[in-house]
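Only one structure is covered here, and it is reproduced in the block below.
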Amino acid sequence: MLHILEPGLKSTIQDAGRFGFYHMGVPPAGAADKYSFLLGNVLLGNPRHYAGLEMMMKGPVIEFQKKTVIVLTGAPADATLNGEKLPLWQPAAVSPGDVLAVGNIREGVFTYLAVSGGLATPEMLGSRSACFASGFTGVLGRMLLKGDFLPLNEPLPGVLRQVGKRVPEEALPAFSRELDLHLVLGITSDRISDEGLTGLLNKEWTIHTQSNRVAYRLHGGRVRYVKEDAPFGSGNSPGNIVDIPYPIGGVIVPNEEELIILLNDGTGGGGFVTTGTVISTDLSLLAQAKPQSKVRFHAVTVDQAFQLRREQEQLIEKVKSMIQQA
Amino acid sequence: MLIFPETRFDFCGDEYIYAEISKDMRIESNFKAISITNELRNRDIPGMIEIYPGNASYLIRYDPNEISPYHLLDYLQEIDQQKSDRSELNFSSRIIEIPVWYNDTITEKTMKKYQHLQPEAGGDDFTFVMKANGFTDKDAFISAHSSTPYFITSLGFKPGTAWGFPLGVRNDKVIQAPKYKSPRAYTPGEAVGVGGAFTVVYPTESTGSYQLIGLSAVPVYDPGQSLSVFHDSFFLAKPGDLWKYRPITEAEFYNIREEVKKRTYEYKIKPVQFSVEQYDEKGTTYISQLMEGF
Numbered sequence: 001m002l003h004i005l006e007p008g009l010k011s012t013i014q015d016a017g018r019f020g021f022y023h024m025g026v027p028p029a030g031a032a033d034k035y036s037f038l039l040g041n042v043l044l045g046n047p048r049h050y051a052g053l054e055m056m057m058k059g060p061v062i063e064f065q066k067k068t069v070i071v072l073t074g075a076p077a078d079a080t081l082n083g084e085k086l087p088l089w090q091p092a093a094v095s096p097g098d099v100l101a102v103g104n105i106r107e108g109v110f111t112y113l114a115v116s117g118g119l120a121t122p123e124m125l126g127s128r129s130a131c132f133a134s135g136f137t138g139v140l141g142r143m144l145l146k147g148d149f150l151p152l153n154e155p156l157p158g159v160l161r162q163v164g165k166r167v168p169e170e171a172l173p174a175f176s177r178e179l180d181l182h183l184v185l186g187i188t189s190d191r192i193s194d195e196g197l198t199g200l201l202n203k204e205w206t207i208h209t210q211s212n213r214v215a216y217r218l219h220g221g222r223v224r225y226v227k228e229d230a231p232f233g234s235g236n237s238p239g240n241i242v243d244i245p246y247p248i249g250g251v252i253v254p255n256e257e258e259l260i261i262l263l264n265d266g267t268g269g270g271g272f273v274t275t276g277t278v279i280s281t282d283l284s285l286l287a288q289a290k291p292q293s294k295v296r297f298h299a300v301t302v303d304q305a306f307q308l309r310r311e312q313e314q315l316i317e318k319v320k321s322m323i324q325q326a
Numbered sequence: 001m002l003i004f005p006e007t008r009f010d011f012c013g014d015e016y017i018y019a020e021i022s023k024d025m026r027i028e029s030n031f032k033a034i035s036i037t038n039e040l041r042n043r044d045i046p047g048m049i050e051i052y053p054g055n056a057s058y059l060i061r062y063d064p065n066e067i068s069p070y071h072l073l074d075y076l077q078e079i080d081q082q083k084s085d086r087s088e089l090n091f092s093s094r095i096i097e098i099p100v101w102y103n104d105t106i107t108e109k110t111m112k113k114y115q116h117l118q119p120e121a122g123g124d125d126f127t128f129v130m131k132a133n134g135f136t137d138k139d140a141f142i143s144a145h146s147s148t149p150y151f152i153t154s155l156g157f158k159p160g161t162a163w164g165f166p167l168g169v170r171n172d173k174v175i176q177a178p179k180y181k182s183p184r185a186y187t188p189g190e191a192v193g194v195g196g197a198f199t200v201v202y203p204t205e206s207t208g209s210y211q212l213i214g215l216s217a218v219p220v221y222d223p224g225q226s227l228s229v230f231h232d233s234f235f236l237a238k239p240g241d242l243w244k245y246r247p248i249t250e251a252e253f254y255n256i257r258e259e260v261k262k263r264t265y266e267y268k269i270k271p272v273q274f275s276v277e278q279y280d281e282k283g284t285t286y287i288s289q290l291m292e293g294f
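First to last, the sequence lines map onto chains P and F.
Under UniProt numbering, the first sequence has 241 at position 241, and the numbering climbs by one with no breaks.
Under UniProt numbering, the second sequence has 11 at position 11, and the numbering climbs by one with no breaks.
Set out below in structure tokens:
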């Protein structure tokens, strides 16, 4: 069991996501910074989808009631184990009675706790991820509360060998207040004027404080629509389209002065002009960007998007092979 | 005769393919979207993670580590060709009755609270929508909204939210409404809203931008599965179903709510085979035929 002594600001259970129900309006949910989350599981030799904790801005205080191995990944946080500094990205053994305190998260937004064998909390529609929009009961529909007890699975074979190992420097993500995001243009970008695309790509955008796991909002540039009538069935404003299924990472233009980029709790569909999709590897970076961070967009071809994905995949494989050595 | 537009495909980032059948809402685009996505679901192709029919489009999420995006695109184009033949388009559908208290006093409170968001409606969405569609009489408007079944074109927004588009109605007679330009922070669960050419029932309390015209007495989403209709699925709606709104009084509304609470409510449902070919040939006559005995 994990005994939650203090819940932190907004801690939730997350795994790799809930799939197969997006078309019924159920968001995938899952870790916002998938890359850091995955590395946590990889470092412990867990399968990639095993559930852990996602902690936002200020982490929880947790008492362990089982002997196991844990690792913290993601945004740098002031973490201690029994009062002693606990470094991120480095598996550590814990025993019953040990207390982990994850304090303030300094750069970035989300820090992750992975546990060998994963959390054994209830599943809904094939996932343990909490999703506030879904109306699920218990820890599946809310943040953690003081006094929660979260069951753990048994630690996996060989995990004690991982204690003290470290992620190679090159695989560590950067946490920055200036981001370069790659997007593939398309979807309904024909409703954006040439001038509008220039406004999207050549201007610096700022992440608004009203940003969360559902979507990040950005201001600062101006994206002009083309001057033509909205199609039948869409409503009647130039920013309306006949409602479409939105991809996660979709760059939505609800009015000419705002961008909405959907994250993993994103609402499945809607009727605003959508001009492209941020590539999956960059969504982890975006999720970790604090409000007021600056963003520049770079249009890439779909082949470039696959190449960037492969490069990240190779880094994960590298960590995995390090872990699997005797 | 239905003519199916050519689908335009687009890669979205590195995990999605978006297929746009038409930009404007045409029921034939939706027939095609549902039919293709049903077919894909049946084929159960490894690496395909989400198969999502939209109103006039569809979206596929895939794992590029498992399936080549370019092979997948070829494959989708092939199925798209095949499903451009109307005789290929048949659905196992259900007609479901949704009892609605139109122009109710509960959503009225919400509209009043948010009337600053659209001053032109004066805090009365019902009358705003009624007038915008050329009606002066409330009963005539309610009758127009509830006389024909709505085809469930897709789901999204929040779990269980289903878009419905009226069958057998000329475009210029379809009840339409603009959306709130800035969304409400709150909408009561089960509120009935109109936005664009679509009617939805809000499954749970949520934000919202559709004009509110009534309140459903019955739930459309139930993750607790308290009513028998939800035993196989949390979601009442399935793309391809037909929803028939039935106007009810305030008294009847509370009677049904009581039955729902006691878990004794039985939805009125009729399974039908929906044939696009027959709909195309016989139009409203075909709909009357489907609705027989309902």
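Note that beta-carbon positions come from the ideal geometry of N, C-alpha and C, so glycine has one too.
Reduced DSSP secondary structure (H/G/I, E/B, other) of residue i
i: P/Ala171; result: helix
i: P/Pro157; result: coil
i: P/Ser129; result: coil
i: residue 398 of chain P; result: Only positions 1 to 326 of chain P appear in this structure, which leaves residue 398 of chain P out of reach.
i: P/Asp78; result: strand
i: F/Ile45; result: coil
i: P/Tyr225; result: strand
i: F/Met25; result: coil
i: P/Gly266; result: coil
i: F/Gln291; result: Going by the sequence as given, residue 291 of chain F is Met instead of Gln. Three-state DSSP puts F/Met291 in a helix.
i: P/His208; result: coil
i: F/Arg8; result: strand
i: F/Phe274; result: strand
Cβ of residue i within 8 angstroms of any chain F Cβ
i: P/Ser193; result: no
i: P/Gly266; result: no
i: P/Tyr22; result: yes
i: P/Val302; result: yes
i: P/Ile252; result: no
i: P/Ser134; result: yes
i: P/Ile261; result: no
i: P/Gly25; result: yes
i: P/Pro247; result: yes
Test: residue i CB closer than 8 angstroms to a CB of chain P
i: F/Met130; result: no
i: F/Lys268; result: no
i: F/Leu59; result: yes
i: F/Glu28; result: no
i: F/Met25; result: yes
i: F/Gly122; result: no
i: residue 295 of chain F; result: The structure shown does not extend to residue 295 of chain F, since chain F spans only 1 to 294, so no value can be given for it.
i: F/Tyr18; result: yes
i: F/Trp101; result: no
i: F/Ala185; result: no
i: F/Leu155; result: yes
Sequence-distant residues of its chain with Cβ nearer than 6 angstroms to residue i (five each side left out)
i: F/Ser275; result: Asn90
i: P/Met55; result: Gly8, Ser11, Val102, Thr111
i: F/Thr153; result: Asn30, Asn55, Trp163, Phe165
i: P/Val38; result: Checking the sequence shown, residue 38 of chain P turns out to be Leu, not Val. Cβ within range, chain order: Arg48.
Nonlocal neighbours in the same chain, by C-beta distance under 8 angstroms from residue i, ignoring five residues either side
i: F/Arg41; result: Ile51
Whether residue i touches residue j by CB criterion (8 angstroms)
i: F/Ala217; j: F/Pro99; result: yes
i: P/Gly239; j: P/Val253; result: yes
i: P/Ile4; j: P/Asp190; result: no
i: F/Pro188; j: F/Thr105; result: no
i: P/His298; j: P/Asp194; result: no
i: F/Phe253; j: F/Gly160; result: no
i: P/Leu43; j: P/Pro91; result: yes
i: F/Leu242; j: F/Ser93; result: yes
i: F/Tyr16; j: F/Ile79; result: no
i: P/Ile244; j: F/Ser233; result: no
i: P/Leu218; j: P/Val163; result: no
Proximal residues to residue i (C-beta, below 7 angstroms), its chain only, five neighbours per side dropped
i: F/Phe31; result: Leu89, Val276
i: P/Gly266; result: Pro27, Val214, Ala215, Tyr246, Ile248
i: P/Leu201; result: Phe297, Ala299
i: F/Ser226; result: Arg263
Problem - Residues from the segment 281–303 of chain P in contact with chain F, defined by Cβ distance under 8 angstroms - result: Thr281, Val302
Practice task
Residues of the segment 227–245 of chain P with a CB closer than 8 angstroms to any CB of chain F: list them in chain order, please.
Solution key: Pro231, Phe232, Gly233, Ser234, Gly235, Asn236, Ser237, Asn240, Ile241, Val242, Asp243, Ile244, Pro245
Practice task
With 8 angstroms as the C-beta to C-beta threshold (strictly closer), list the residues of the segment 3–20 of chain P near chain F in chain order.
Solution key: Phe19, Gly20
Problem - Within 8 angstroms of chain P by C-beta, residues of the segment 60–73 of chain F in sequence order - result: The segment 60–73 of chain F vs chain P, Cβ under 8 angstroms: Arg61, Pro64, Asn65, Pro69.
Handout entry: Residues from the segment 27–47 of chain P in contact with chain F, defined by Cβ distance under 7 angstroms
Key = none
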